[in-house]
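Below: one structure, written as structure tokens.
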Amino acid sequence: MNQACESTIDLLNYSIANNDMETVENMHSQGINFNKKDSRGIYPVNMAVTSHNLEALIFIMGLDYIDLNVKNGPLKNTPVLEAIMIRDIDIFRILANDERVDLTLKNSINQHPLLECIIENGLKEYYFELLELIPEDILKGREETAEQEQVIGLLECIDNIQSSALSRLIHHGRFSYINKTRKYFKLTDDYLETLSPRKSDNKNETLISA
């Protein structure tokens, strides 16, 4: 029975990868469960992400029963983590803005969506959008966690960070350990006081849109 099920999902994932939406919709009409994985351990929602198939992703997300936090393949990547890794900002935004998506889930080698945004070169826009979306209690607590320490350490690696984006981070108080941020960015108290909470240019005032 499992082999038959996997074979069916193999066909579904093949159709998603090749943007054959007619077959995808027909399989849904036939009652195929889109929450099953194929013979390689890949779920349809993950296939839609890695195939950059926005139409298929939106269709799958419209299914009430779908799990948007399934872990895919040997690395156990969630769909949103894969969207970051393949640098598809449109797919990332749609997933990140869905309340069903857990933005804090790591994969099997402890890669975290927030940290990956920082580590991967050129993903600063993902980082600041994700920072706005992750619940307060994850980022702001009474005690610093090892993960938060990593975030601050990795912030050092971002080249050419814009003061407007940094200003927003600081004035929103997203981190309880903001003094460490000052040290890493070599910012003086006087300079920080000159930054307006909402001062930004169009390039860096990120608007999150689905």
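Just so we're aligned: 198 in the working numbering is position 191 of the sequence shown, and the numbers increase by one with no gaps anywhere. Quick reminder that beta carbons are idealized off the backbone N, C-alpha and C, glycines included.
Roughly how far, in whole angstroms, is the beta-carbon of residue i from the beta-carbon of residue j, given that I think they are within contact range, below 8 Å?
i      : j     : result
Glu89  : Asn60 : The Cβ separation is near 13 Å, so there is no contact.
Asn20  : Ile39 : In fact, because the Cβ distance is near 11 Å, the residues do not count as touching under 8 Å.
Leu102 : Pro86 : 6 Å
Is residue i near residue j, with beta carbons less than 8 Å apart?
i     : j     : result
Val6  : Phe66 : Lying before the first or after the last residue shown, residue 6 is absent from the chain, which here runs from 8 to 217.
Ile23 : Lys43 : no
Ile98 : Leu70 : no
Met28 : Glu62 : yes
Pro51 : Ile91 : no
Excluding five sequence neighbours on each side, which residues of the same chain lie with their C-beta closer than 6 Å to the C-beta of residue i?
i      : result
Asp95  : His59
Ser46  : Glu13, Asp17
Ser115 : Leu82, Lys83
Val56  : Pro86, Glu89, Ala90, Ile98
According to DSSP, is residue i part of a helix, a strand, or is it coil?
i      : result
Asn79  : strand
Asn84  : strand
Asp17  : helix
Asp74  : coil
Phe99  : helix
Ile64  : Sequence inspection shows Leu at residue 64; the Ile mentioned does not correspond to that position. If DSSP states are grouped into helix, strand and coil, Leu64 belongs with the helices.
Glu106 : coil
Asn33  : helix
Ile93  : coil
Asn25  : coil
I'd like the list of long-range same chain contacts for residue i, defined as Cβ closer than 8 Å, with 5 residues on each side in sequence excluded.
i      : result
Asn26  : Ser58, Asn60, Glu62, Ala63
Gly80  : Arg47, Gly48, Ile49, Asn53
Ile93  : Val56, Thr57, His59
Asp144 : The predicted position of Asp144 is uncertain, since its pLDDT is 47 and thus under 50; no value can be drawn from it.
With a threshold of 7 Å on Cβ separation, who are the neighbours of residue i within its own chain once the five nearest residues in sequence on each side are excluded?
i      : result
Gln118 : Leu88
Tyr72  : Asn42
Pairs of beta-carbons, one from the region 103-118 and one from the region 70-86, closer than 8 Å: are there three or more? They touch, by the three-pair rule.
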